[in-house]
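Student: Before I ask anything, let me first share the structure, which is written out below as structure tokens.
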Amino acid sequence: MPRESKRAKRERATEICRRMGELYPHVESALNFTTPFTMVICVLLSAQTTDVAVNKVTPELFSRWPDAEHMAQANPAEIAEVIRSIGFYRTKSVHCVEASQMILSEFGGEVPRTMKELTRLPGVGRKTANIVLNKAFGIVEGIAVDTHVFRLATRWKLTNKPTPLQAEQDLLDIIPQELWEPVNEQWIHFGRDTCRAQNPLCDGCPLADICPSFGKANGNPKPRASKTARTKRA
Ligand code: SF4
Numbered sequence: 001m002p003r004e005s006k007r008a009k010r011e012r013a014t015e016i017c018r019r020m021g022e023l024y025p026h027v028e029s030a031l032n033f034t035t036p037f038t039m040v041i042c043v044l045l046s047a048q049t050t051d052v053a054v055n056k057v058t059p060e061l062f063s064r065w066p067d068a069e070h071m072a073q074a075n076p077a078e079i080a081e082v083i084r085s086i087g088f089y090r091t092k093s094v095h096c097v098e099a100s101q102m103i104l105s106e107f108g109g110e111v112p113r114t115m116k117e118l119t120r121l122p123g124v125g126r127k128t129a130n131i132v133l134n135k136a137f138g139i140v141e142g143i144a145v146d147t148h149v150f151r152l153a154t155r156w157k158l159t160n161k162p163t164p165l166q167a168e169q170d171l172l173d174i175i176p177q178e179l180w181e182p183v184n185e186q187w188i189h190f191g192r193d194t195c196r197a198q199n200p201l202c203d204g205c206p207l208a209d210i211c212p213s214f215g216k217a218n219g220n221p222k223p224r225a226s227k228t229a230r231t232k233r234a
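Residue 197 in the numbering used here sits at position 197 of the sequence shown, with consecutive numbering throughout.
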């Protein structure tokens, strides 16, 4: 693909978002949550595992520990028993209790509504905070970049950054702010349905005419350490 100007890349990114909107006009979170607190816990649990797996454990989890007050007093080992079918369940059970304790001690029992405060909660990074702000409070401060979004943004050459966190900054720079809100859900769906990690369905793809990876993509990009991190380690 010839070198693309920033303006042309912005226009292509906007067109991609427009087509995603046509394909997926009504996307909803697949996670079952009822309150901002249960949303935080659901998203925290969903790292490195599927939403379906999370939805299987949360009915018992939230019936025993429905809010921050109850979960703050829980024994992490008991929570671990309930969520042991999902990945990293031991670490996640500790994060559930510690995040609940912080919500009580530092935020008056309410889930905070800013990126800065949310990312102080144990187990909550920028991706999780973006999802919670968006889904629980309708606040759009960024774009949650998970494995699917990172793969697609890289394939579409909207970023060449080595990590999802850095890729988000490129996306925020080229996608108009009013289009940020549905990006995560729509791209996840498209990444599952069409632009799969292995053997993407390029023939007949609705982005075939504007995708620089048509017929050439396979696998997920491997997040790499940035140059700075490599220099520090060296
Ligand atoms: S053309 Fe292929 S690589 Fe490009 S978006 Fe479509 S499925 Fe993905």
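Using N, Cα and C, we set each Cβ at its ideal position, and we do this for glycine too.
Verify the contact flag: Pro182, CB atom, against every heavy atom of ligand 1, threshold strictly below 7 Å.
Tutor: Incorrect: Pro182 has no Cβ contact closer than 7 Å to ligand 1.
Student: By how many angstroms is the C-alpha of Glu185 removed from the C-alpha of Lys9?
Tutor: Their backbone Cα atoms lie some 21 Å apart in a straight line.
Student: The alpha helix (DSSP H) spanning Cys195 covers which residue range?
Tutor: No alpha helix (DSSP H) holds Cys195; DSSP gives it neither H nor E.
Student: When the Cα of Val52 is compared with those of Pro223, Ser213 and Ser85, which residue comes out closest?
Tutor: Ranking the options by Cα distance to Val52, first place goes to Ser85.
Student: Measure from the alpha carbon of Gly109 to the alpha carbon of each residue in Ala68, Val140, Tyr89 and Ile16, then state which is nearest.
Tutor: The candidate whose alpha carbon is nearest that of Gly109 is Ala68.
Student: Using the Cα positions of Ile143 and Lys161, report the straight-line distance between them to the nearest angstrom.
Tutor: Between Ile143 and Lys161, the C-alpha separation is close to 15 Å.
Student: For ligand 1, I want to know if Arg192 counts as a neighbour, meaning its beta carbon is within less than 7 Å of at least one of the ligand's heavy atoms.
Tutor: Because no heavy atom of ligand 1 lies under 7 Å away, the Cβ of Arg192 does not count as near it: no.
Student: Buried or exposed for Tyr89, please, with buried defined as at least 16 other CB atoms from any protein chain shown within 10 angstroms of its CB.
Tutor: Classification for Tyr89: buried.
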